[in-house]
Amino acid sequence: MSERGASGTASASRSLVEAFPRFRAGDRSTVRVLGDVRERARAFAQQHVQPLALEIDRRAAADPRYVDWDLIRAGCEHGLLSLAIPTAASGQGGLAREMCVALEELCAACPGVGNIFGAHGLGLLPLLATGVTHWDGVLRDIAVAERQGRPVLMACAVTEPDAGTDVEEADLMRRGRITSQARPVTGGWRLTGTKRFISNGSLAEWITVCMPFDPQRPAETWTCFLVDARSEGFSVGRVEHKMGQRACPAAELVFDDVFVPDDLVVGRPGDGMPTTYLVLAASRPAVAAIATGIARGAYDRVLTWLEHEPALLGRQQVQLALARMEEEIHLARQSYLDAATELDVMISPALRHPLVRAMGLVPPAARRVPRVRRWITSPRSGQATVALLHRTMTNRAVTRSLALSSLAKAHAADVAMSVTGLALELAGLDSGDIRAELEKLWRDAKLTQIYEGTNQLNRLTVYRGLSRGETMQALPPSRRDLVGRQP
Amino acid sequence: MSATTTDLHDEMVGAVRDLTRREVTPCAAALDASDRETFAHCWASACAIGLDRVLLNDKLGGAGLGPAELLAMVEEMAAGDAGLAIAVLLHNVALAALPAEAVAAVADGERWSVALAPQAPPLALGVMTGSARVSGRIPFVPGALGADGVAILAPCLGSAALGLRPTAPGLTIQPNPSQMGWRAAPAATLVLDGVDNAVATPVPHPVGPGAETTRLVRAGVAVVARGIARRAWELALDYAHSRHQGGVPIIEHGAVRDLLAGMAAHLEGVGPVAMSGAWLAGDDGRALAAKVLASDAAVAVTSDAVQVFGGAGYMCETGVEKLMRDAMYCRLYPEPNWLARDQLVGCFERPR
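The listed protein sequences correspond, in order, to chains E and B. Under our numbering, the first residue of the first sequence carries the number 1, and numbering increases by one thereafter. Under our numbering, the first residue of the second sequence carries the number 488, and numbering increases by one thereafter.
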């Protein structure tokens, strides 16, 4: 057998530019920033996560409420909870690419643990997509608490018992069975309803939750709220026994007339659907990265195992299978990076806009002065945010970004299933401890074909956004289109 | 088949179907949790209808049926629980492989399993005065944990199986640390350290270790895979009619119809192969082909069934994800499908 290449065979040992050849021609600062994020995530994954992955899976199978808080605290030390929080809110200012690169590393070790941080990022996304309103509240608190070693987790609650796919697409939602409802009251809103399969739902201190304020027009009145998990009327229902990704509990959340003050509405009332599209454009590349990480984890494990089985490694069937795995992982990785880059490039003008930068330069203490705070949370500020979105991006750009994200998600999820299945088949039942690890990754992989919309729904989004070149109403309506929408 | 045999066949398959619906399917979650009490109850029920002695003649207390009948019954059982079906399959195969005097010593209600020794490294046979001693390791023997005995088949043992009780001197049964599929039949690794083999004829078998036994195991795995896929299809079809999204039952969505159509096509495709081609032709190639085709189809069908259920399918309570885990084991036992495909080619001669 010829000698191994200098980079080693396992993909875990490769540098950033080996994983993403396009960066050989890219700017150095991007490579440096992404490389740093990757190394931090990898160090955490390999030192803390991988040794515990099987044990956590076993314990969570016995008790789905089990969660390893020590591990999450260790994640704090590596800055994984503030990665996507703007620097102006004391975070690290990472965008989709940073999140994706980190998630691939985490999920190569344990997709369940990776999903704790991924679901946290999902919970943050509506706050990031709707302007500066929450910089000095929850976002800053999370970043500050993380530096103190105290994890403050978020979750995003959208799915309902009778509405899974329906809540991710406006046309389906109009005909669907949405049973939750937000009711306007003096000084705020009252939320009633049940959300289901919410990752981190039983762990989160803050939850972004979407409900309509008019059940007859759910898509037009879908609204995002920020809910404190200590609120009266909020409770965690059943925590699910899952096939995989067990380290991250999925819970039923019950909202029984929960009061949410006006300043914790995320975006404008009724902007929930466009917010959802922006969130999905960001969260689907993340799922693609999770899936890529799962596939890579299986590939690395089986390759390492095969190094000790030269008789097997010498057979062409095995070599072809490994080559196919390598090929699929590489393409999945490029597809998530394409989608994340498209999104980052699309939102960059908004982030660089003078008003946003100026807001970032205002000291946080000044932003908390009541008068300033009132303006930040006022409807005028919301209108300004929407106007800024319209100035810096288009419905077509968001539609295209969402479609590319959906493409990456569906493709990578299929890759995760096929690669983990192949790895399991290569190793067989007589492969000792590695079999349990591969079985776990195969179980974990299946969820990536389901969450953030089933692969089928994602591919229909690809058809509409890319094949047909449709343009969705993906940005919140401008002021002149708002007539008659307010509750 | 004669009319009498056909009647008996139909009667027994019908009895297994009833038993499965009545007792096994409702207990699938407990069987998946390796609940020994539930397993013992289901096993006793299976024995009560003669499912433990299908292949034995009436002198040995059996039904005197053939492999085709056994396979049909195992498929019915697999639609309820694949682990239990594998236990039934391997028990019957074990009794068929053991010498008559060893079978006569198997008490009613006992459960045996079959250990197919690997080709590499092979079991070692040391011939001594009056007997032979067997050493080696046989990994992943489904149902070996908690079994009353194991029938071991290896080239060095000739055509006869070596029957061992768990207490046999020199035999160590090591539980497998984890097992995601067929959990009602917990597997173990057998370690043989100079086990006395007074029964077997120490003449290497020209074809291999009980070629017929291996063929029957593969054909059995094929029908287990088909049973699993059938159950997944039934659950998915029912759910597709009852679950609404976009204001209509999801079966009206083209995306779901496409999944269901693929599942139906897979099932139709493996039907004739798994049911009749595998054993009745008595052909190694067909048994291998049936095992590969049916297990690949079962993995695809069960995965699509979970997809039809969406998030609910990923949760244990619906029982669909269990089918997916069970189906994957059909791809891996008695050998991974890539190895089975390799062996399959060796079953055919060059055309003249």
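In this text, a Cβ means the ideal position worked out from N, Cα and C, and glycines have one as well.
Nearest-angstrom Cα separation, counted from residue j out to residue i
{"i": "residue 513 of chain B", "j": "residue 534 of chain B", "result": "18 angstroms"}
{"i": "residue 356 of chain E", "j": "residue 401 of chain E", "result": "22 angstroms"}
{"i": "residue 171 of chain E", "j": "residue 407 of chain E", "result": "20 angstroms"}
{"i": "residue 827 of chain B", "j": "residue 573 of chain B", "result": "19 angstroms"}
{"i": "residue 73 of chain E", "j": "residue 150 of chain E", "result": "6 angstroms"}
{"i": "residue 230 of chain E", "j": "residue 372 of chain E", "result": "27 angstroms"}
{"i": "residue 384 of chain E", "j": "residue 353 of chain E", "result": "12 angstroms"}
{"i": "residue 399 of chain E", "j": "residue 22 of chain E", "result": "25 angstroms"}
{"i": "residue 6 of chain E", "j": "residue 447 of chain E", "result": "For residue 6 of chain E, the predicted structure reports a pLDDT of 38, less than 50, and the residue's modelled location is therefore unreliable. A value from the coordinates is still provided. Distance between the alpha carbons of residue 6 of chain E and residue 447 of chain E is about 35 angstroms."}
{"i": "residue 538 of chain B", "j": "residue 245 of chain E", "result": "38 angstroms"}
{"i": "residue 529 of chain B", "j": "residue 562 of chain B", "result": "16 angstroms"}
{"i": "residue 633 of chain B", "j": "residue 522 of chain B", "result": "12 angstroms"}
{"i": "residue 823 of chain B", "j": "residue 38 of chain E", "result": "35 angstroms"}
{"i": "residue 295 of chain E", "j": "residue 47 of chain E", "result": "20 angstroms"}
{"i": "residue 337 of chain E", "j": "residue 225 of chain E", "result": "30 angstroms"}
{"i": "residue 316 of chain E", "j": "residue 775 of chain B", "result": "20 angstroms"}
{"i": "residue 426 of chain E", "j": "residue 811 of chain B", "result": "18 angstroms"}
{"i": "residue 836 of chain B", "j": "residue 772 of chain B", "result": "11 angstroms"}
{"i": "residue 34 of chain E", "j": "residue 101 of chain E", "result": "7 angstroms"}
Residue i - containing alpha helix (DSSP H), residue span
{"i": "residue 530 of chain B", "result": "523-535"}
{"i": "residue 817 of chain B", "result": "807-819"}
{"i": "residue 30 of chain E", "result": "28-44"}
{"i": "residue 126 of chain E", "result": "111-129"}
{"i": "residue 379 of chain E", "result": "379-392"}
{"i": "residue 803 of chain B", "result": "Where residue 803 of chain B is concerned, there is no enclosing alpha helix (DSSP H), given that its DSSP letter is neither H nor E."}
{"i": "residue 459 of chain E", "result": "455-462"}
{"i": "residue 135 of chain E", "result": "Unbroken run through residue 135 of chain E: none, as it is neither H nor E."}
{"i": "residue 375 of chain E", "result": "370-376"}
Pair within 7 angstroms by beta-carbon distance, residue i and residue j
{"i": "residue 289 of chain E", "j": "residue 103 of chain E", "result": "yes"}
{"i": "residue 700 of chain B", "j": "residue 565 of chain B", "result": "no"}
{"i": "residue 283 of chain E", "j": "residue 81 of chain E", "result": "no"}
{"i": "residue 264 of chain E", "j": "residue 195 of chain E", "result": "no"}
{"i": "residue 107 of chain E", "j": "residue 53 of chain E", "result": "no"}
{"i": "residue 94 of chain E", "j": "residue 84 of chain E", "result": "yes"}
{"i": "residue 610 of chain B", "j": "residue 621 of chain B", "result": "yes"}
{"i": "residue 112 of chain E", "j": "residue 311 of chain E", "result": "no"}
{"i": "residue 660 of chain B", "j": "residue 675 of chain B", "result": "yes"}
{"i": "residue 552 of chain B", "j": "residue 579 of chain B", "result": "no"}
{"i": "residue 670 of chain B", "j": "residue 519 of chain B", "result": "yes"}
Chain-ordered neighbours of residue i on chain B, where CB pairs are closer than 8 angstroms
{"i": "residue 206 of chain E", "result": "Result: empty, since nearest Cβ-Cβ is about 23 angstroms, beyond 8 angstroms."}
{"i": "residue 166 of chain E", "result": "732, 733"}
{"i": "residue 159 of chain E", "result": "798"}
{"i": "residue 122 of chain E", "result": "Neighbours of residue 122 of chain E on chain B: none; closest Cβ ~15 angstroms, over 8 angstroms."}
{"i": "residue 417 of chain E", "result": "790"}
{"i": "residue 321 of chain E", "result": "825"}
Under 8 angstroms by beta carbon: chain E residues contacting residue i
{"i": "residue 820 of chain B", "result": "429"}
{"i": "residue 797 of chain B", "result": "164, 165, 450, 454"}
{"i": "residue 835 of chain B", "result": "What residue 835 of chain B touches in chain E: nothing, since even the nearest Cβ is about 17 angstroms away."}
{"i": "residue 794 of chain B", "result": "449, 450, 454, 455, 456"}
{"i": "residue 626 of chain B", "result": "429, 430"}
Start and end residues, beta strand (DSSP E) containing residue i
{"i": "residue 783 of chain B", "result": "It is not in any beta strand (DSSP E) - residue 783 of chain B instead sits in the alpha helix (DSSP H) that spans 771-796."}
{"i": "residue 89 of chain E", "result": "Premise fails: residue 89 of chain E is in no beta strand (DSSP E) and is neither H nor E."}
{"i": "residue 680 of chain B", "result": "675-683"}
{"i": "residue 364 of chain E", "result": "Per DSSP, residue 364 of chain E belongs to no beta strand (DSSP E); it is in the alpha helix (DSSP H), 364-367."}
Option in the options with minimal Cα separation from residue i
{"i": "residue 746 of chain B", "options": "B:574, B:794, B:810", "result": "B:794"}
{"i": "residue 404 of chain E", "options": "E:151, E:197, E:422, E:287", "result": "E:287"}
{"i": "residue 657 of chain B", "options": "B:666, B:683, B:644, B:544", "result": "B:683"}
{"i": "residue 262 of chain E", "options": "E:235, E:298, E:341, E:133", "result": "E:133"}
{"i": "residue 174 of chain E", "options": "E:184, E:162, E:218", "result": "E:218"}
{"i": "residue 130 of chain E", "options": "E:457, E:379, E:460, E:24", "result": "E:379"}
{"i": "residue 713 of chain B", "options": "B:578, B:644, B:568", "result": "B:568"}
{"i": "residue 651 of chain B", "options": "B:803, B:678, B:643, B:735", "result": "B:678"}
Chain-ordered neighbours of residue i on chain B, where CB pairs are closer than 9 angstroms
{"i": "residue 424 of chain E", "result": "815, 818, 819, 823"}
{"i": "residue 91 of chain E", "result": "Within 9 angstroms Cβ-Cβ: nothing; residue 91 of chain E doesn't reach chain B, min ~30 angstroms."}
{"i": "residue 472 of chain E", "result": "Residues of chain B passing the Cβ test: none, with the nearest at roughly 16 angstroms."}
{"i": "residue 439 of chain E", "result": "665, 666, 667, 668, 812, 815"}
Chain-ordered chain E contacts of residue i [CB-CB under 7 angstroms]
{"i": "residue 829 of chain B", "result": "317"}
{"i": "residue 808 of chain B", "result": "243"}
7 angstroms Cβ cut-off: residues of chain B touching residue i
{"i": "residue 240 of chain E", "result": "802"}
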